[in-house]
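Going down the list, the protein sequences come from chains V and H. Take the first sequence: its position 398, counted from the start at 1, is 398 in the numbering used here, and no numbers get skipped. Take the second sequence: its position 341, counted from the start at 1, is 760 in the numbering used here, and no numbers get skipped. Ideal Cβ placement from N, Cα and C applies to all residues, glycine included. Everything on this sheet refers to the single structure shown next.
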Amino acid sequence: MLEETLVLFKNIRNPKYDKSLAGYKNTGGFKSLKKVFGMKPEEVVQEVKESGVRGRGGAGFPTGLKWSFMAKGTGKPSYLVANADESEPGTCKDRELMLKDPHLFLEGLMIGSYAVGCHHAYVYVRGEFFPAIKILNAAVDELYADGLLGHDPLGSGFNLDITIHTGAGAYICGEETALLDSLEGKRGQPRVKPPFPAVSGFNGCPTSVNNVETLACLPFIFSDGGVESFKSFGPQNNSGTHLVSLSGHVNSPGVYELRMDVSMKDIIYEIGGGIRNGKKLKGVIPGGSSSPVMKADEIDVLYNFDDLAKIGTMMGSSAMMVFDEDTDVVKLLHRITRFYAHESCGQCTPCREGTHWSRQIVRDFLNGNGSEEKLKRLDRVGGNMLGTTLCALGDAAAMPIQSFVNKFPEEFRKYYATT
Amino acid sequence: MPLLNEFPMPVFQIDGEPVEYEPGEKVLSAALRCGKIIPHYCYHPGMSVVATCRMCLVDVVDLGNGRPAPKLQTACSVDASEGMKIETFNQKVEEGRKLVNEFFLINHPLDCPICDQSGECTLQDYSFKYGSGKSEMDYSKRVNGWRDIGTFVALERNRCIQCSRCDRFTREITGTNEFGMFNRGHELAVDTYTDRPMTNKFQGNMADICPVGAITEKEFRFKRRVWKLKKNHSICTGCSTGCNVTIEHDRNEVFRLKPHENQSVNKWWLCDEGRLTYRKMNEKKSRINQPLGLIGENLEGISWEKAYGAIAERIRELKPLPHEVLALTDTHASNEELFLIQKLLKEGFSSENIFCPFPTWEQSESDFFINTLITTDKTPNRAGALALQIKGDQKNKKLKKAIEGELKVVFILGNPFENELEFKEIIKRTQLVIHIGVFHNSWSEMADVVLPGQFYSEKEGTYTNKNQRVQSTEIAVKALRRTRPEWQIISELLQALGHKSSFESIPQVFNTMVQEAKAFTGISFDKIGGFGIELTKNTKDPGKKVVPEMTAI
Ligand SMILES: Cc1cc2nc3c(=O)[nH]c(=O)nc-3n(C[C@H](O)[C@H](O)[C@H](O)COP(=O)(O)O)c2cc1C
Ligand code: SF4
Ligand code: SF4
Ligand code: SF4
Ligand code: FES
């Protein structure tokens, strides 16, 4: 029977865990930070590279590599910004960390700040996460009171401030450059790259934006023997455990911490307890709403970055949305297209026009106005957004459209064959 | 130029041709510089790159390392690099443009026949080229409607393609931040903040940079289809900056002024007040349309010959001594006109009694270049007068002495010292007052002879701007039949007084001036070219005072 591997959730799964600073320290908290303070920043970055940890925000970019791109010797301050905007549909893992073990994440943020030479780190939290905002602020207050933040924590000679910044509720502000604009007080819109944030990010200074979960891995990586065990949790290039947000028609939805060498099938049937009401599986959206959909017969695959990429989809933010045989796929796609049409920032043409147009076409099917021609058009509009936009939201909107149309064409045809 | 050979600029290739670029330059900028056409909407050389319209697609067939880019790239955001190879038209590029263009059109009204931008609309042009001619959009189009955004421009948002040029303009160019993008996604729309009309003095530029018919000039819209307009290069005479303009006209009527790019003067911009000076070019009522002479109590129409004859005769009778002659000129006059009237006094009367008003003037100090365009000197050629050493504010001692002395002959060019009633009282009593000018004013009323000149849009000339840059104007519209350019009038007056020097053309006057007036040494008419040339000898204008810009609240 497949079970969780507890690294990030070690404390959370302990029912008696006290998430205050004292409680976190009791479980060995801030030992890693202390160890890191004894290392040179370059060594820290090297260790992170060694661990093979890849960004958990969706793109899976190697974190150590990203940090090594940070511009040095510019005379400008460097920044580390935690991306706590978690808004990819289906994803609810960062929220667990922030609500239930804030100090684990904050320790990770501090380790990261030390590594990139940041003296003022920001946490950009999604505006609607009221409890998380409250908890994070309380946790930061505790850290200041304890002397772990501010001037010279643990006698390290390093200074660090952390500011919790609340967004105003826009999916696009999870995209790192839009996030930085929003953090600067501007309208949150993705910026043109290059320059990448590592060169010109927050207020034009070298910046790294990292996901909450990515940062939360750091205390473990810097524990004794951390790098080696971290690597052992998954196949090469897919190291560590990750938090899987399992939702949809399974018997036990929830956020589970899993190794990266387990199959999707086992996750759905063993961790998730199978499809509810004894129904059959129809498909899975494997990595948040932007990832190409999979059919029931494709799930015999290891759930990690590379194995999913090999079969033409992606793990994204590890948010698996499972749907059963009764699900109306056209309605599901309509829900997804509606989301992207609503969340597109609108600045670039293919996304602004394409997200809305594709939604209109899908709605046509629901209204009984579908046709073979429109099905082709839907696919074409999706394809025309793919790879033509400024940020990845355009791709995120296009991939579900194309995959739904190509994998479930019959479901669309039902809508006009009968009328 | 040996310097360039020593430090050659790096080179990349566009469509197989080598193109030099400055390190850090974007592909689109380098391409446009060498005359390549790459369709684009959001890119503007004067503003930040946002790369949002996605129209400027090119195929990077070699990134400089032998490998191609994986997909089409937006030329406005890709850095040119050594050895890079770009293709601006191949099947892949054409297809890419086609599909982006379709997205532009699905919600666009496409009512070109009733759109004032028609004929100078890049969306229209590219749609002709890349559009399929038939729409697959079955749903009703987006409606965003009209907004009242300012005194000078109108906004029809249904035609907006969300390129954000206007938004960047008020943020990056004027710094007034009155305009922005609202809502998001499909509903993204431009508007002013808190619904207040804009107050910046440069709104017309927003109509210029708007690639479509969304922002148009209220003053011009629906007056004439743009393809009927003929264009002539000139300068704006609204103030001493001398912004480069194109005078656009049809059937001898001027319809608008548009900025003409000159990086040394106005870059791409023009102020709204300057744009409005076109009205004066069409002014007919107050024009002096034929030579006039005082016959009895009244000014009556006479022929040119009669006018010159009468003047020559009176002067022979009066035999004025040098101090009994005076010329007053305004600084709307061109360099050539100023030079010739100075010559008229010197050679005709051995007199140096020539003066022009010399008000103190100001220019804003500002972080935003555009604010430095408008100066308080509302004439185009004071620096020219200074270069010719013509000066004299109303308190000038020499001027006072000349006016209060015995005056027999007075020449007035234009409308100088408009508000000096005392001067006017004295001059009124002079025996012979000759007014050379375009419009009727109190000087023409008191004159014995009035000689009708031409407005600057009707004649050639050169003007020296506040930074000592000499710039020339072309003839844009035909002048009234019985008028003559002032430089010609003065030259004919010289001849009427028995002098041999005759001037046939502006280049000839200019080149004579170069020989005789020190400040113009070293230049020639041919060197002025399209962008003007700065006087090498600095004739610093002591009137120049800089005041900090008031920021609009
Ligand atoms: C449209 C869009 C939305 C995104 N939303 C999030 C988000 O909510 N949270 C997040 O961590 N990353 C999000 N990302 C990914 C970020 O841009 C960025 O890659 C990530 O924060 C980097 O962190 P990582 O390297 O730790 O994954 C989003 C990206 C896109 C294109
Ligand atoms: S792809 Fe969409 S969300 Fe991203 S910048 Fe373009 S319009 Fe905005
Ligand atoms: S903005 Fe251009 S394309 Fe649109 S209606 Fe006007 S002329 Fe036609
Ligand atoms: S109004 Fe014109 S300049 Fe402004 S965004 Fe629309 S199309 Fe661009
Ligand atoms: S001009 Fe390059 S994207 Fe608009």
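Residue i beta carbon near ligand 1 (any heavy atom closer than 6 Å)
i, result
"alanine 392 of chain V", "yes"
"threonine 355 of chain V", "no"
"glycine 55 of chain V", "yes"
"aspartate 454 of chain V", "Summary: the structure shown does not reach residue 454 of chain V, with chain V confined to residues 1 through 419, and so no result is reported for it."
"asparagine 211 of chain V", "yes"
"glutamate 128 of chain V", "no"
As assigned by DSSP and simplified to three states, the class of residue i
i, result
"proline 437 of chain H", "strand"
"aspartate 141 of chain V", "helix"
"cysteine 534 of chain H", "coil"
"glutamine 622 of chain H", "coil"
"histidine 668 of chain H", "strand"
"histidine 342 of chain V", "helix"
"methionine 320 of chain V", "strand"
"proline 219 of chain V", "helix"
"alanine 731 of chain H", "helix"
"lysine 964 of chain H", "In this prediction, lysine 964 of chain H scores a pLDDT of 49, lower than 50, which makes its location untrustworthy; the coordinate-derived value is nonetheless stated afterwards. Residue state, collapsed to three classes: strand."
"aspartate 614 of chain H", "helix"
"glycine 552 of chain H", "coil"
"aspartate 567 of chain H", "coil"
"glycine 632 of chain H", "coil"
"asparagine 436 of chain V", "In the structure as shown, chain V begins at 1 and stops at 419. Residue 436 of chain V is therefore absent and cannot be evaluated."
"leucine 805 of chain H", "helix"
"threonine 970 of chain H", "Because threonine 970 of chain H carries a pLDDT of 36, less than 50, the predicted location of this residue cannot be relied on, and the following value inherits that uncertainty. Here threonine 970 of chain H sits in coil by DSSP."
"glutamate 784 of chain H", "strand"
"glycine 157 of chain V", "coil"
"glutamate 702 of chain H", "coil"
"proline 409 of chain V", "helix"
Residue nearest to residue i in terms of C-alpha spacing, selected from the options
i, options, result
"arginine 473 of chain H", "H/Leu482, H/Glu672, H/Ser467, H/Cys461", "H/Cys461"
"glutamate 844 of chain H", "H/Glu823, H/Gln927, H/Leu832, H/Asn834", "H/Glu823"
"asparagine 930 of chain H", "H/Glu692, H/Asn717, H/Leu759", "H/Leu759"
"proline 616 of chain H", "H/Pro630, H/Thr589, H/Phe641", "H/Thr589"
"lysine 620 of chain H", "H/Thr613, H/Ile592, H/Leu607", "H/Ile592"
"serine 208 of chain V", "V/Thr177, V/Lys231, V/Glu184, V/Ala216", "V/Thr177"
"leucine 832 of chain H", "H/Lys820, H/Glu841, H/Gln850, H/Ala866", "H/Ala866"
"tryptophan 780 of chain H", "H/Ser769, H/Arg801, H/Asp786", "H/Arg801"
"leucine 215 of chain V", "V/Ala341, V/Glu410, V/Val123, V/Arg352", "V/Val123"
"glutamine 347 of chain V", "H/Thr611, H/Phe508, H/Val468, H/Pro464", "H/Val468"
"glutamine 873 of chain H", "H/Pro904, H/Asp478, H/His859", "H/Pro904"
"aspartate 627 of chain H", "H/Ser683, H/Gln813, H/Gln536, H/Lys647", "H/Gln536"
"alanine 22 of chain V", "V/Ser68, V/His151, V/Asp101", "V/Asp101"
"glycine 720 of chain H", "H/Lys517, H/Val868, H/Gly949", "H/Val868"
Residue i beta carbon near ligand 2 (any heavy atom closer than 6 Å)
i, result
"threonine 389 of chain V", "yes"
"cysteine 345 of chain V", "yes"
Cβ-heavy atom distance, residue i to ligand 3, below 6 Å
i, result
"leucine 542 of chain H", "yes"
Ligand 4 heavy atom lying under 6 Å from the CB of residue i
i, result
"cysteine 579 of chain H", "yes"
Residue i beta carbon near ligand 5 (any heavy atom closer than 6 Å)
i, result
"alanine 425 of chain V", "The requested residue 425 of chain V does not occur in the structure, where chain V is confined to residues 1 to 419."
"threonine 507 of chain H", "no"
Three or more beta-carbon pairs under 8 Å between the segment 794-801 of chain H and the segment 893-908 of chain H, yes or no?
Under the Cβ criterion (8 Å, minimum of three pairs), the segment 794-801 of chain H does not count as touching the segment 893-908 of chain H.
For the segment 327-342 of chain V against the segment 494-502 of chain H, are there 3 or more C-beta pairs whose distance is under 8 Å?
no
Would you call the segment 537-554 of chain H and the segment 595-613 of chain H touching, i.e. three or more CB-CB distances under 8 Å?
Verdict: no, contact absent.
For the 8 Å Cβ check, are there 3 or more pairs between the segment 137-144 of chain V and the segment 162-176 of chain V?
Yes, the segment 137-144 of chain V touches the segment 162-176 of chain V.
Sufficient close CB pairs (3 or more, under 8 Å) joining the segment 763-782 of chain H to the segment 805-815 of chain H
yes
Three Cβ pairs or more, each shorter than 8 Å: is that satisfied between the segment 108-115 of chain V and the segment 43-63 of chain V?
yes
Does the pairing of the segment 540-548 of chain H with the segment 556-574 of chain H give three or more beta-carbon distances under 8 Å?
no
Are there three or more Cβ pairs, one per stretch, closer than 8 Å when the segment 316-323 of chain V is compared with the segment 86-98 of chain V?
yes
Could you check whether the segment 910-930 of chain H touches the segment 661-681 of chain H, counting it as contact only if at least three pairs of C-beta atoms, one from each stretch, sit closer than 8 Å?
no
Cβ-based contacts, 8 Å cut-off: residues of the segment 428-445 of chain H near chain A:
Structure shown: chain A not included; protein chains present are V and H.
Between the segment 2-15 of chain V and the segment 256-270 of chain V, can you find at least three pairs of beta-carbon atoms closer than 8 Å?
yes
Segment contact, 8 Å Cβ cut-off, at least three pairs: the segment 702-711 of chain H with the segment 676-691 of chain H
no
Are the segment 340-356 of chain V and the segment 271-279 of chain V touching by the rule of at least three beta carbon pairs closer than 8 Å?
Verdict: no, contact absent.
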